[in-house]
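Working notes for the structure below.
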Amino acid sequence: MQLSANNKSTSIFREIDWTTVIIYLLMILAGVASIYAASYDFDEASMLSFDEFSGKQVRWIGLGLVIAFVVLMTDARMFETYAYPVYIIMLVLLLVTPFIAPDIKGSRSWLVIGSMSLQPAEFAKVTTALALAKLFNGYNFVLNAKMSNYAKALAIIILPIVLILAQNETGSALVYMSLFFVLYREGMTGLILFAALMSVVIFVLTVKFVDPGFLGIATGEFAILLIVMLIVVDMTYMYDKRLTLPRNLVLWFSGVLLVMWIVGGPCGVDLPARACLLSALAIASIYIAVAAIGRHRNKLFVPVITAVLAVGLMFSVNVAFNQLQPHQQQRIRVVLGIEEDLRGAGYNVNQSKIAIGSGGFAGKGFLNGTQTKLKYVPEQHTDFIFCTIGEEEGFVGAMLVVGLYLALILRIISIAERQPRPFGRVYAYCVASYLIFHFCINIGMVIGLCPVIGIPLPFFSYGGSSLWGFTLLLFILLRIDATRKYYN
Amino acid sequence: MRKDYKLEKRKYVIGGFIVVIALIYAIRLFDLQLNDDRYKKRADSNAFLEKTIYPSRGLMYDRNGELVVYNQPAYDVMIIPRDVQPFDTVDFCNTIHITPEQLRRRFEDMRDKRLNPGYSTYTPQRLITQLSTQDYGRLQEKLYRFPGFFIQKRILRQYNYAAAANVLGNLREVSRADIEADPYYMAGDYTGDLGVERSYEQYLRGVKGVEVLMRDANGRIQGRYEGGAHDVEPISGRDLTLSLDIRLQQYAESLMVGKRGAVVAIEPSTGEILCLVSSPSYDPRLLVGRKRGENYRMLTEDPSLPLFDRALGGAYPPGSTFKPSQGLIFLQEGIINTSTTYPCTGGYVNGGLRVGCHAHGSPLPLKPALQTSCNAFFCWGFKNMIDRRSKYGTPAQAFEIWKNHLVSMGYGYRLGVDLPHESRGFLPNAKFYSKFYGEGRWSANTVISVAIGQGEILATPLQIANLAATIANRGWFITPHVVKAIQDTVMPAELLEKRYPTIDAHWYDDVAEGMHMAVLGGTCRRAQIPGMEVAGKTGTAQNPHGKDHSAFMSFAPFDNPRIAVAVYVENGGFGAVFGVPIGSLVMEKYLNDTIAPSRQYMETQMLNTSVYYATKRK
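Those sequence lines, one after another, are chains G and S.
Counting along the first sequence from 1, when you hit position 345 you're at 369 in our numbering, and nothing is skipped either side.
Counting along the second sequence from 1, when you hit position 133 you're at 145 in our numbering, and nothing is skipped either side.
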């Protein structure tokens, strides 16, 4: 394709997506105010001294804006041209980081340059996104065309994960898993995301609901078996509308069970619920498998495999759960609400829930949060910044932040879809995926819905690396987006 | 540009996903912030004060049920720096009897992150430790005048007897390393130091409890959080029954006053240690209370090393107490039988070598050799074994077999006593000599002194006592231990199992008989206790530190032994001078509870005699 000349005129400011820029500016302003509030000390209040976190953050933001400006002034083709070399340089940097970085809280991920500490892992997000975008921009590249395309894409994603894991930064490494959204958008079967979602559901149900609440088997197990049955029946119907037997079979078994429950339950008869449900599933699966072979419909194997995997996962979850480290098990149990541990693993989350919960509708007012001021919540200005907002600005403030994120992510998706070339689209989806992951995990952890995984809330949390990394991600996107018209 | 409209629809899935998540979060925020005022209440109560409740530490009784170690309360003044307001320091200092200067220094130390890594202005900090009960009472009345201050009850140790300090051990504040190694500990906690306090720490300490209190914005306690639902009761430590006879321990310690060395007595049938004396000793009460630091320094600086447990940490040449083990090996290996005789021409003379001996009949077999402690007999035996190439090949191979027998008797390795800092003594192996003299360039005569417990061989008094117990049992022993029972727990199996040396049991009868003869008409005649059959073996160990060490090992009664004992007195001279009287008095005291009138002169003599030590050493 031919690139029109003269795309680095001053017209850049007319072409860039101001909606995104405004959301960005709102976020960093709200962020620095929250950091100021979080590290505010009743006794030794000093207005934005550069020794305070907020003062330092202002400096990071100032330099971040310079970076943003430089990015906007750069020729957009540069990002594409140098995507691979920069990606490789970053991998090398990640590789050497653990060897030259000092040990900070058990993690070797910070490079100290003069008075600054930077985390290469944050910048690797940019290079990985660019490399992935470049891969998909290859001539006639279609992800589903051949397996080697998957291999290449996965290699680009997995290399930084491995290197970041070596720095003991599990949270930062997990972020890259979000790039599966990009693969999905580019054609990867949705079954993989579906399987991941199902695995989480099965895990939570199995681990959390172990009480023999219903028909003599664990409530979680009962729920899973029902869900799996519904999915199997539904999938079978979707792939072959003539196959009605599984549905009837399952209905029939469930009916028998229901009757037995109504009739036998009150009399104290032991119901073979597990045997009933499992044999219904098994007979249905065998029937579908036979049909799949008989009719040469390979797609019909999907529900069968789903059933087998789901039931297998359910029974192996307990085994797998016991393989985890005790503190990880505990974190999971605390998050699932099985265990309340106010002094150990649950301390952070409990304190942060108290802080947020005490905010009420309108909050206690800027700088008036007692929980955050009295340092009840650890990592107040970094990973747990959202709870300062929740406490001081209340439900209104917290929802505004959620709203800003939702707006930003949806905006980026819409920017992605208007890109004329796969490069811009894939890159934009990468940015959206990172933000989705950080948003979901960080806020989820602060409000006690996700395990505590130490990753920052982009644009809000204190820290230069995260701020600069996401600023780069966003402004490179804006720069690429600004040139879209030249391709039509 | 090719566009795949089917794939483009997937933006709705991704967008939908994030909308659903945002919705879930909105519901959660609604629930937390608007629906549930529990969090608001908790926050308004300004969170919790977690007060540690220290469990009572396990007590220690002796084998007769005498209470030996118990607890006494002490009171620490704690502050939450954040909540402290300017207060009347003069009044405070007068109340608890410290100077304003001391108080100022305590505040400085508390804030020093190097001394107190856990310092935070928001959490309780220990300001003054171990108030006396009187000071505690006075301060308690005035506490309302000092906001941010509270008093925490702690447990200190107290001792009924000024004895067995080396066995009991004591408590010290945990070090930084302790806290890092075991998250159970917090700065300022106590942990066992030395002795049983150290080795049974896990049993003695119990489990700390916690009281979750709520406080208002001014730091005043408002009561328990959710009515105490989150409190954890402390679990008391387990009591221990020691195998020591504390009165015997006291008696043995008094006999050892003025001498450096050790006395170890074991009940052979159980391996239970009846007394474990290391001399000089100290009063365990010195290491309790506010003077602990000062006293501890004094003890570490004492050149006679009172904190060093000679009974199990001291490695000494065993001297002639080693000979019974030699006799056993030679019998087992068929080097001698009970009628084999060796000549003693005033010593062992062979190949230009001479090991001196004293005047007695010659030639003689094993039992009289033990009776008279004949050096020549055991040197000949050793030579015949090590140099018997027809049986063993090389001296090195013979030596390894010799060594392995000794290892099976408990030499050269830690016995595994349930106390810290046990020494393994020293037992050379063939490699050791091959390295020193060269491969194949040494034989029996080169290393002949080990045959009589001299030379490179080193053993702890505990190992010597264990040999006595093994002979008393005629061929087995149980790992010596000082704890007889743990409350609500079974003893570790390794402290109950019989261990069998690689010597056939019937050989022990002969060696025991020889030791019996030594008491009846040999080197340790002074060990005779009226109405009691005693077996014993003296030792006089040459050493590079001056006068010979006086050693003795023994057991009684001969046919049904109830006590085996080893005595080691540094630079005490002949075994018969200190070893025999002290050892036999300890046995007599244990078996008869009184000392026969005919032997009371010996008791007086031992109580009043000191050995002069000029130099600093173990």
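Even glycine gets a Cβ: it sits at the ideal position worked out from N, Cα and C.
The structure displayed is predicted, hence computed values, not measured ones.
Could you tell me how far apart the beta carbons of residue i and residue j are, in whole angstroms, since I believe they sit closer than 8 Å?
{"i": "residue 593 of chain S", "j": "residue 538 of chain S", "result": "6 Å"}
{"i": "residue 95 of chain S", "j": "residue 200 of chain S", "result": "In fact, because the Cβ distance is near 19 Å, the residues do not count as touching under 8 Å."}
{"i": "residue 431 of chain G", "j": "residue 47 of chain G", "result": "6 Å"}
{"i": "residue 356 of chain S", "j": "residue 389 of chain S", "result": "7 Å"}
{"i": "residue 40 of chain S", "j": "residue 471 of chain G", "result": "5 Å"}
Give a yes or no on whether 8 Å exceeds the smallest Cβ distance from residue i to chain S.
{"i": "residue 442 of chain G", "result": "no"}
{"i": "residue 509 of chain G", "result": "no"}
{"i": "residue 372 of chain G", "result": "no"}
{"i": "residue 422 of chain G", "result": "yes"}
{"i": "residue 474 of chain G", "result": "no"}
{"i": "residue 215 of chain G", "result": "no"}
{"i": "residue 300 of chain G", "result": "no"}
{"i": "residue 377 of chain G", "result": "yes"}
{"i": "residue 104 of chain G", "result": "no"}
{"i": "residue 209 of chain G", "result": "yes"}
{"i": "residue 56 of chain G", "result": "no"}
{"i": "residue 497 of chain G", "result": "no"}
How about residue i: is its C-beta nearer than 8 Å to some C-beta of chain G?
{"i": "residue 23 of chain S", "result": "yes"}
{"i": "residue 642 of chain S", "result": "Here chain S covers residues 13 to 630 and nothing more, so residue 642 of chain S does not appear."}
{"i": "residue 326 of chain S", "result": "no"}
{"i": "residue 219 of chain S", "result": "no"}
{"i": "residue 27 of chain S", "result": "yes"}
{"i": "residue 96 of chain S", "result": "no"}
{"i": "residue 225 of chain S", "result": "no"}
Quick one: residues in its chain with C-beta nearer than 6 Å to the C-beta of residue i, no 5 flanking neighbours on either side, listed in chain order?
{"i": "residue 473 of chain S", "result": "274, 276, 323, 578, 580"}
{"i": "residue 18 of chain S", "result": "none"}
{"i": "residue 440 of chain G", "result": "449, 452, 453"}
{"i": "residue 316 of chain S", "result": "292"}
{"i": "residue 503 of chain G", "result": "95, 96, 100"}
{"i": "residue 552 of chain S", "result": "331, 560, 586, 587"}
{"i": "residue 69 of chain S", "result": "83, 167, 216, 249"}
Answer yes or no: do residue i and residue j have a C-beta to C-beta separation smaller than 8 Å?
{"i": "residue 381 of chain G", "j": "residue 45 of chain S", "result": "yes"}
{"i": "residue 80 of chain S", "j": "residue 183 of chain S", "result": "no"}
{"i": "residue 433 of chain S", "j": "residue 321 of chain S", "result": "yes"}
{"i": "residue 336 of chain S", "j": "residue 483 of chain S", "result": "yes"}
{"i": "residue 344 of chain S", "j": "residue 516 of chain S", "result": "yes"}
{"i": "residue 479 of chain G", "j": "residue 465 of chain G", "result": "yes"}
Count the other C-beta atoms from every protein chain shown that fall within 10 angstroms of the C-beta of residue i, then say buried if there are 16 or more, exposed otherwise.
{"i": "residue 300 of chain S", "result": "buried"}
{"i": "residue 457 of chain G", "result": "buried"}
{"i": "residue 218 of chain G", "result": "exposed"}
{"i": "residue 317 of chain G", "result": "exposed"}
{"i": "residue 259 of chain G", "result": "buried"}
{"i": "residue 128 of chain G", "result": "exposed"}
{"i": "residue 319 of chain G", "result": "exposed"}
{"i": "residue 280 of chain G", "result": "exposed"}
{"i": "residue 203 of chain S", "result": "buried"}
{"i": "residue 379 of chain S", "result": "buried"}
{"i": "residue 632 of chain S", "result": "The requested residue 632 of chain S does not occur in the structure, where chain S is confined to residues 13 to 630."}
{"i": "residue 81 of chain G", "result": "buried"}
{"i": "residue 99 of chain S", "result": "exposed"}
{"i": "residue 405 of chain G", "result": "buried"}
{"i": "residue 462 of chain G", "result": "buried"}
{"i": "residue 323 of chain G", "result": "exposed"}
Which residues in the same chain as residue i place their Cβ atom closer than 7 Å to its Cβ, once the five residues preceding and following it in sequence are excluded?
{"i": "residue 21 of chain S", "result": "none"}
{"i": "residue 175 of chain S", "result": "258, 261, 262, 265"}
{"i": "residue 610 of chain S", "result": "542"}
{"i": "residue 242 of chain S", "result": "224"}
What residues in its chain sit with their C-beta under 8 Å from that of residue i, if we drop five residues either side in the sequence?
{"i": "residue 321 of chain G", "result": "263, 264, 315"}
Measuring only from the beta carbon, is residue i closer than 7 Å to any heavy atom that is part of the ligand SAM?
{"i": "residue 428 of chain S", "result": "Only the bare structure without any ligand can be found here, which leaves the ligand SAM out of the picture."}
Mind pulling the chain C residues with CB within less than 9 Å of residue i?
{"i": "residue 150 of chain G", "result": "Chain labels in this structure do not include chain C; the protein chains are G and S."}
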